[in-house]
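**Student:**
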Amino acid sequence: NAGVMQNPRHLVRRRGQEARLRCSPMKGHSHVYWYRQLPEEGLKFMVYLQKENIIDESGMPKERFSAEFPKEGPSILRIQQVVRGDSAAYFCASSPGIQGIYIQYFGAGTRLSVL
Amino acid sequence: AQTVTQSQPEMSVQEAETVTLSCTYDTSESDYYLFWYKQPPSRQMILVIRQEAYKQQNATENRFSVNFQKAAKSFSLKISDSQLGDAAMYFCAYRSPSGSARQLTFGSGTQLTVLP
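In the order they appear, the protein sequences are chains W and Y. So in the working numbering the end of the first sequence lands on 316, straight run, no missing numbers. So in the working numbering the end of the second sequence lands on 405, straight run, no missing numbers.
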C-alpha cells in the first residue's frame, strides 16, 4: 500500500530553467495539496487540487508557478524561469476527499536547488 | 486568517524523561482540527497525533498525548518516556472543518533533541 510518492527527491536547476515536480497521491485519494518549506521555516500552503480542478490557489505566487492534477497521472507543480528564491523543499499531501476523513498524508518532498 | 504559534524553537529532553511542546493558535471558528506532525532528518512529514475541537477528551497515541485547552486556544504535545528516535522537528498544524479552506496552517516548529 504505497504512500504519497514524490519525484524527484532532489532537483537542481539553473536560474531561468523550468522545474517540474510530480506527486502521485495515495491510492483512492482524490485531493492533493502542495506546500513549500523554506529553510528553517514551517510548511506554507500553496495550492489545493481535486481531479482536473484547482480548488484553492491562494498560497501560490501569481507568476511563474502553476499546478495541475489531470484525470490520469500525477499532480504536477511547475515553476517556470526559476530564481534562487525558489530553492526550498516542496511537499505534496493527499487525502481521500470523503466527508469526515480529513487527515493529510505527506510525501517525502522534493528539494529544489537553484544555482 | 488562522495563525499557529510555536514559541519554543528548540527543546531538549533526557532519554526516558517527559517533555512538553507548546502550541497556541488563533481562530474565530468553533470547530476545527489540530495536528502534531514530526519531521525527522529524513524530512518526511509524519503524523503524530490529531484532535477534533468538538471532542473534549484529549487525544492519546501510545507515548504521545495532547493537552487541548479550547478556551485558551492551546494545544500542547507531551512525549513520555522519550526515545532517541523522537528527535525531530515537531510542527503543530490547524485545519478548518470544511469548505474550500482545507489546507493546513503550520507553526514554525520546535526542534527536539533527545539526550542519551
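Built from N, CA and C at the ideal position, the CB exists for glycine as well. Computed from a predicted model, the values in this text were never measured in an experiment.
1) Below 8 Å on the Cβ atoms is my contact criterion, and I expect residue 279 of chain W with residue 267 of chain W to pass it. Report the Cβ-Cβ distance as a whole number of Å.
2) Since residue 239 of chain W meets chain Y, which of its residues come closer than 7 Å, beta carbon to beta carbon?
3) Taking 8 Å as the CB-CB cut-off, is residue 366 of chain Y touching chain A?
4) By the criterion of Cβ-Cβ separation under 8 Å, what are the contact partners of residue 393 of chain Y in chain W?
5) Using 8 Å as the threshold, is the stretch 364-384 of chain Y in touch with the stretch 323-336 of chain Y, meaning 3 or more CB pairs across them?
6) With a CB to CB cut of under 7 Å and the five nearest residues on each side skipped, what residues in its chain are close to residue 250 of chain W?
7) Can you give me the start and stop residues for the beta strand (DSSP E) that residue 347 of chain Y sits inside?
8) Give the interface partners of residue 310 of chain W over in chain Y, defined as CB-CB distance under 8 Å, in chain order.
9) Using C-beta distances below 7 Å, list every residue in its chain close to residue 272 of chain W, excluding the 5 sequence neighbours before and after it, in chain order.
10) Check residue 320 of chain Y in the structure and name its three-state DSSP category.
11) What residue does the beta strand (DSSP E) around residue 224 of chain W start on, and which one ends it?
12) Against residue 353 of chain Y, what residues of chain W qualify as contacts under a CB-to-CB distance less than 8 Å, listed in chain order?
**Tutor:** The answer reads as follows:
1) In the first sequence, the residue the question calls residue 279 of chain W occupies position 78. In the first sequence, the residue the question calls residue 267 of chain W occupies position 66. Residue 279 of chain W to residue 267 of chain W, Cβ: 5 Å. Contact.
2) Looking up residue 239 of chain W in the first sequence gives position 38. Per Cβ cutoff of 7 Å: no residues; residue 239 of chain W is ~11 Å from chain Y at best.
3) Judged by its chain identifiers, the structure shown contains no chain A, and its protein chains are W and Y.
4) One-based indexing of the second sequence puts residue 393 of chain Y at position 104. Close partners of residue 393 of chain Y in chain W (Cβ separation under 8 Å): 234, 236, 244, 246, 294 and 305.
5) Touching, yes.
6) Numbered from 1 along the first sequence, position 49 holds the residue referred to as residue 250 of chain W. Short of 7 Å from the beta carbon of residue 250 of chain W, and not among the five residues preceding or following it, lie these beta carbons of its own chain, in chain order: 233, 256, 268, 270 and 276.
7) Here residue 347 of chain Y refers to the residue found at position 58 of the second sequence. From DSSP, residue 347 of chain Y is part of no beta strand (DSSP E); its letter is neither H nor E.
8) By one-based count along the first sequence, residue 310 of chain W stands at place 109. Listed along chain Y, the residues sitting closer than 8 Å to residue 310 of chain W by beta-carbon distance are 332, 333 and 334.
9) Within the first sequence, the letter at position 71 stands for residue 272 of chain W. Counting only Cβ-Cβ distances below 7 Å, and skipping sequence neighbours, we find 252 and 253.
10) Position 31 of the second sequence, counted from the first residue, corresponds to residue 320 of chain Y. Assigned with DSSP and collapsed to three states, residue 320 of chain Y falls in coil, not helix or strand.
11) Here the question's residue 224 of chain W lines up with position 23 in the first sequence. Element bounds for residue 224 of chain W: 220-225.
12) In the second sequence, residue 353 of chain Y corresponds to position 64, counting from 1. Those do not exist, as residue 353 of chain Y stays about 15 Å from chain W at its closest Cβ, beyond 8 Å.
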